[in-house]
Structure formats: structure tokens, C-alpha cells
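>
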Amino acid sequence: MTLTAEAIETLKAVSTATLTTVLLKKGLRNVWLRGAAPLRPGQPRLVGPAFTLRFVPAREDLATPASWASPISTRAAIEAMPEGCVAVVDAMGVTDAGIFGDILCARMQKRGVAALVTDGVVRDVAGVLETNLPVWCRGVAAPPSVAGLTFVAWQEPIGCGGVAVFPNDIIVVDQDGAVLIPAGLLAAVLAEAPEQERMEAWIMTKVDEGASLPGLYPMNAETKVLYEASTK
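Letter 19 of the sequence shown, counting from 1, is numbered 19 in the working numbering, and no numbers are missing.
Laid out in C-alpha cells, this is it:
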């Protein structure tokens, strides 16, 4: 199924917490990208297809400032990013070398990239924030990427935050972090996630009214009847 504008709007109304529950019911436990936290509080929930980038450990003959002008470079990868994508960067959890700084993030913003998600860190944080590119990462560090990493490829399968990410998998990010929806499960998630969100909202109203949790969360048969009646 293609990630349409309608599908994006539907997923924007579903929290990453709800998505993990829906995917857990389908047997997927490992979909939350560890270490990818919002760089700025209050960033909106965003949805987009994954555009993947991969780093490996730094090797002194390859990880040099001169490599930034190579045909295989983060600069070249950014120019290949389509509008609306979520750039997902495998930085192997390295926290002492910033994968992107303000200039690269500014260019991504100009190209219409929806967000940057990484299990690594960024640099030039004040400038990155000024670009208004939404970023989910592990933190910040002053040294450049080549101080600890070698960039090797884009648009191939990666591991980010301990999760296997394939190009065009669906990424949803909010204040709880980043969650992956496998592209092949998009239709099923779109069919089930909004109902899960509605059901939990109804449960919350009952909690606000003073209802106890046993039989409510999860619902027993009697509670399900009440819920179904409320939706008619």
C-alpha cells in the first residue's frame, strides 16, 4: 500500500504508544528506535517514508574532511532525499561525533524533508534548532562525524536504535520517540490503529468518571457492549 496524504493524516492522529500496541498484537515487539528522542520539546507528530543512511566505524584513510566531497557522502545523500521523507540514520549509537550540523540540516529543510531520526547525535545544536528541521536523536556533540564514523551508503537496509529499517518503511515520530511500521503492514495498521485510539480515549473518560480498572482495561464482555453502544 502506498503512503498517501490521507494515510499520513490518519497516522498523525495516532500516538506512537498506540502504534506499538497495535504492532505488538501482530507479533512485532521491536519497532521503537532506541535513543531517538525529540531534540526540541513540543515537536509535532510527523509521518513519512524512511530514507535510510548508514555509517560504520571510522577508518582513518576514509573518514576525513576530504570525504565530504566524495560522490558517496552525506551531502550527496541529502540531494537524493525526496520531499516528505524521514531521514533515518544508522550511527551505531555513537555519541561523540555529530552526524549532521546546521548547514546539512538547513539543506534538508529546504528540500522538504519531514524529519531527521538517528540513534546518534547532532552538532551545532543552536544552528540546527534555528533551521526548524524536526530532529529525533540521542543528544549533541561538538566533533564532526569523521571523528568517529565513516559514511558508506544510503537507501539500503540499516539498523537504527536496534531496529531493522528498510527504505520506504513508515516512520512515525512524536514526544515518545520514533516507531517503525513495516511497509507491508501499513494497510492493517491503518485499519486498526484509529479504533485502538478511540477505544483508549473512551476508557480514559470512564477513568475520569471514577471507574475501576478491572474489566475496563482490558475490557471484559460487559464493558465491550457498553463501548460498542457508545459508538453507534
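Note that CB positions come from ideal geometry on N, CA and C, so glycine has one too.
Since residue 54 contacts residue 96 with CB under 8 Å, what's their CB separation in whole angstroms?
Rounded, the Cβ-Cβ distance is 18 Å, inconsistent with contact.
> From residue 45 to residue 82, what distance separates their C-alpha atoms?
Each residue's Cα considered, the two are about 19 Å apart.
> Going by alpha carbons, who is nearest to residue 173 out of 85, 65, 78 and 69?
Comparing Cα positions, the closest option is 85.
> Using the Cβ count rule (16 or more neighbours within 10 Å means buried), how would you classify residue 15?
By the neighbour-count rule (16 or more Cβ atoms within 10 Å), residue 15 is buried.
> Give a yes or no on contact between the region 145-157 and the region 4-24, applying the rule of three or more CB pairs nearer than 8 Å.
In short, these stretches do not touch, since the Cβ pair count stays below three.
> Looking at the unbroken beta strand (DSSP E) that takes in residue 50, where does it start and where does it end?
Counting along the chain, the beta strand (DSSP E) containing residue 50 begins and ends at 46-57.
> In three-state terms, what does DSSP make of residue 169?
Three-state DSSP puts residue 169 in coil, outside helix and strand.
> Looking at the structure shown, is residue 64 part of a helix, part of a strand, or coil, going by DSSP?
Of the three classes helix, strand and coil, the one that applies to residue 64 here is coil, per DSSP.
> My output table needs one value for residue 177: the three-state DSSP class, helix, strand or coil.
Here residue 177 sits in strand by DSSP.
> Provide the residue(s) that pair with residue 150 in DSSP beta bridges, ordered along the chain.
DSSP output for residue 150 lists 56 as bridge partner(s).
> Using CA atoms only, rank isn't needed, just tell me which of 33, 207 and 165 is closest to residue 177.
Checking every option, the nearest Cα to that of residue 177 belongs to 33.
> To the nearest angstrom, how far is the alpha carbon of residue 233 from that of residue 70?
Residue 233 lies beyond the stretch modelled for the chain, which goes from 1 to 232, so this question has no answer here.
> Taking the beta strand (DSSP E) that residue 87 falls in, what are its first and last residues?
Taken as a continuous stretch (DSSP letters only), the beta strand (DSSP E) holding residue 87 covers 86-90.
> Tell me whether the region 35-52 and the region 156-166 touch, counting them as touching only if at least three CB pairs, one residue from each stretch, are closer than 8 Å.
The region 35-52 is in contact with the region 156-166.
> According to the neighbour-count rule (16 or more other Cβ atoms, all chains shown, within 10 Å of its Cβ), is residue 204 buried or exposed?
Per the 10 Å Cβ criterion, exposed.
> Can you pull the DSSP bridge partners for residue 32?
Beta-bridge pairing links residue 32 to 179.
> Quick one: which unbroken alpha helix (DSSP H) runs of 4-plus residues sit fully inside the region 183-212? Chain order, please.
Counting whole runs of 4 or more residues, the region 183-212 contains the alpha helix (DSSP H) stretches 186-208.
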